[in-house]
Amino acid sequence: MNGAKSRRSGRFRLSLVAPMYNEGEVCDLFFERTLPILEAITPDFEIICVDDGSRDDTVLRLHAAHRRDKRIKVIAFSRNFGKEVALTAGIERATGDAVIPIDADLQDPPELIADLVEKWREGYDSVLAVRTDRSSDGYLKRTTANLFYRVIGRMSDVPIPANAGDFRLLDRVVVDVLRAMPERNRFMKGLYAWAGFRTATVGYVRPVRAAGTTKLRFWKLWNLALEGILSFSTLPLRVWSYVGLAVAFMAGVYGAVIVVRTLIYGVDVPGYASLLVAILFLSGINMIGLGILGEYVGRIFLEVKRRPLYLVGSTLGFDDRPAPVKATDDAP
Ligand code: UDP
Ligand code: MG
Numbered sequence: 001m002n003g004a005k006s007r008r009s010g011r012f013r014l015s016l017v018a019p020m021y022n023e024g025e026v027c028d029l030f031f032e033r034t035l036p037i038l039e040a041i042t043p044d045f046e047i048i049c050v051d052d053g054s055r056d057d058t059v060l061r062l063h064a065a066h067r068r069d070k071r072i073k074v075i076a077f078s079r080n081f082g083k084e085v086a087l088t089a090g091i092e093r094a095t096g097d098a099v100i101p102i103d104a105d106l107q108d109p110p111e112l113i114a115d116l117v118e119k120w121r122e123g124y125d126s127v128l129a130v131r132t133d134r135s136s137d138g139y140l141k142r143t144t145a146n147l148f149y150r151v152i153g154r155m156s157d158v159p160i161p162a163n164a165g166d167f168r169l170l171d172r173v174v175v176d177v178l179r180a181m182p183e184r185n186r187f188m189k190g191l192y193a194w195a196g197f198r199t200a201t202v203g204y205v206r207p208v209r210a211a212g213t214t215k216l217r218f219w220k221l222w223n224l225a226l227e228g229i230l231s232f233s234t235l236p237l238r239v240w241s242y243v244g245l246a247v248a249f250m251a252g253v254y255g256a257v258i259v260v261r262t263l264i265y266g267v268d269v270p271g272y273a274s275l276l277v278a279i280l281f282l283s284g285i286n287m288i289g290l291g292i293l294g295e296y297v298g299r300i301f302l303e304v305k306r307r308p309l310y311l312v313g314s315t316l317g318f319d320d321r322p323a324p325v326k327a328t329d330d331a332p
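Just so it is clear: in the sequence shown, position 247 is 247 by our numbering, and no numbers are missing.
Encoded structure:
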């Protein structure tokens, strides 16, 4: 780890990865706040902005920002692929010794970057920004988030730290591991946790959005939560064997009761209600089991198709690849 040590103590390169979906209202503010902070930390940095198929003027603003400051680089997706995929694309292209995914709405305070870097220089490979207080979230989001972390904490094969979002510092080692992960289902919080390495935390209080509205509405978060649980646990699959066993056992006991009762009291014809209840209950259980199986099979299907994770419409500021399709440096 000699290389890592010298890299951390001397001059190093820092990459910020900011996914943006309809963030036209905040993106200039984001650069205004972030640039001076980065300049104070290291002379060598890049901000990789991933436009996740915005429908507003985000891309135009990003292009203008790139013209003002070449350290701002832009990847524009062909459509909305979701935050996790946008992060993946940014992390793939990041060239820094340390990479920091950060929300563009300034809810991840850029001032904290200095603390993250400091911990990294102490030798940690992964430094998490953990929320010490979630009062900036609504009641519903707070309680559902709590529930989610409790459920996934119980079920997941790797412990996923609660109250830590995507805002964190990743050393090159961790970034390379993430880049090598082939899966299509990108539940980033789980992937970071799976990678492991020496991890430290830094506490912060999450401010409210600087401008604009949330892009992660209920359904997106619900799907993300399902993604998290289903791609980091096989417990939902396994549990059906136990449910089946339990039901079979109960059926056996009930069968014995019926036999004994018939022997003692003779034939008992009425039984329509209990029959119907048993049939409905068991078909309900069957369907739930099938549904869960379907969730996993669907995921296998997605993985097997091996479609690209995302499509890039244009890039700006990366010298390795020419910018294809429309937008170029001279775009308005
Ligand atoms: N985001 C994205 N694609 C999406 C949704 C969100 O890239 O489909 C970005 C968004 O632009 C922001 C970050 O993810 O930079 C966090 O989103 P948001 O602030 O809306 O979520 P919240 O903080 O409300 O959970
Ligand atoms: Mg936000």
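We treat Cβ as the ideally placed atom computed from N, Cα and C, and that holds for glycine.
The structure presented is a predicted model; accordingly, all values stated were derived computationally and were not measured.
- Between the C-alpha atoms of E111 and L226 there is a straight-line separation of about 32 Å.
- In the displayed model, Y204 falls within a strand according to three-state DSSP.
- Here D51 carries a strand assignment [DSSP, helix/strand/coil].
- Here the C-alpha atom of V304 lies approximately 39 Å from the C-alpha atom of F31.
- Under the three-state reduction of DSSP output, S314 falls in the strand class.
- Among the bridge pairs identified by DSSP, R131 is matched with Y204.
- Between D171 and A65 a beta carbon distance of about 27 Å is seen, past the 8 Å cut, so the two are scored as non-contacting.
- Partner residues in the beta bridge of S126, as assigned by DSSP, are L170, T199.
- Straight-line measurement puts the Cα of F167 at about 11 Å from the Cα of S126.
- Secondary-structure assignment with DSSP links F45 through a beta bridge to L14.
- By the Cβ rule, the segment 176 to 190 does not count as touching the segment 134 to 144, because fewer than three pairs are nearer than 8 Å.
- If you check the C-beta of G82 against the ligand UDP, you find a heavy atom less than 7 Å away.
- Burial check for V269: the Cβ neighbour count within 10 Å stays below 16, so the residue is exposed.
- Here DSSP, grouped into helix, strand and coil, assigns G266 to coil.
- According to the DSSP assignment, F301 belongs to the alpha helix (DSSP H) that extends over 272 to 305.
- The DSSP-derived three-state label of K215 is coil.
- The DSSP-derived three-state label of P109 is coil.
- Between G313 and F77, the C-beta gap is smaller than 8 Å, which places the two residues in contact.
- DSSP places A76 in the uninterrupted beta strand (DSSP E) bounded by 72 to 77.
- Around the beta-carbon of Y124, 16 or more other beta-carbon atoms lie within 10 Å, marking it buried.
- Per the C-alpha coordinates, the member of W120, D108, P43, T214 positioned closest to N163 is D108.
- A Cβ closer than 7 Å to some heavy atom of the ligand MG marks a residue here, and those residues are D103, D105, Q107, R209, T214.
- Taking each of D28, I102, L29, F318 in turn and checking the Cα distance to M188, the smallest one comes out for I102.
- The residues F45, in chain order, have a CB closer than 6 Å to that of L38 in the same chain once the five nearest residues on each side in sequence are set aside.
- Taking 8 Å as the upper bound for CB-CB distance, V26 and D105 are in contact here, some 5 Å apart.
- Shown here for I258: not one same chain residue has a beta carbon closer than 6 Å to its own, the five before and five after excluded.
- Under the three-state reduction of DSSP output, G165 falls in the strand class.
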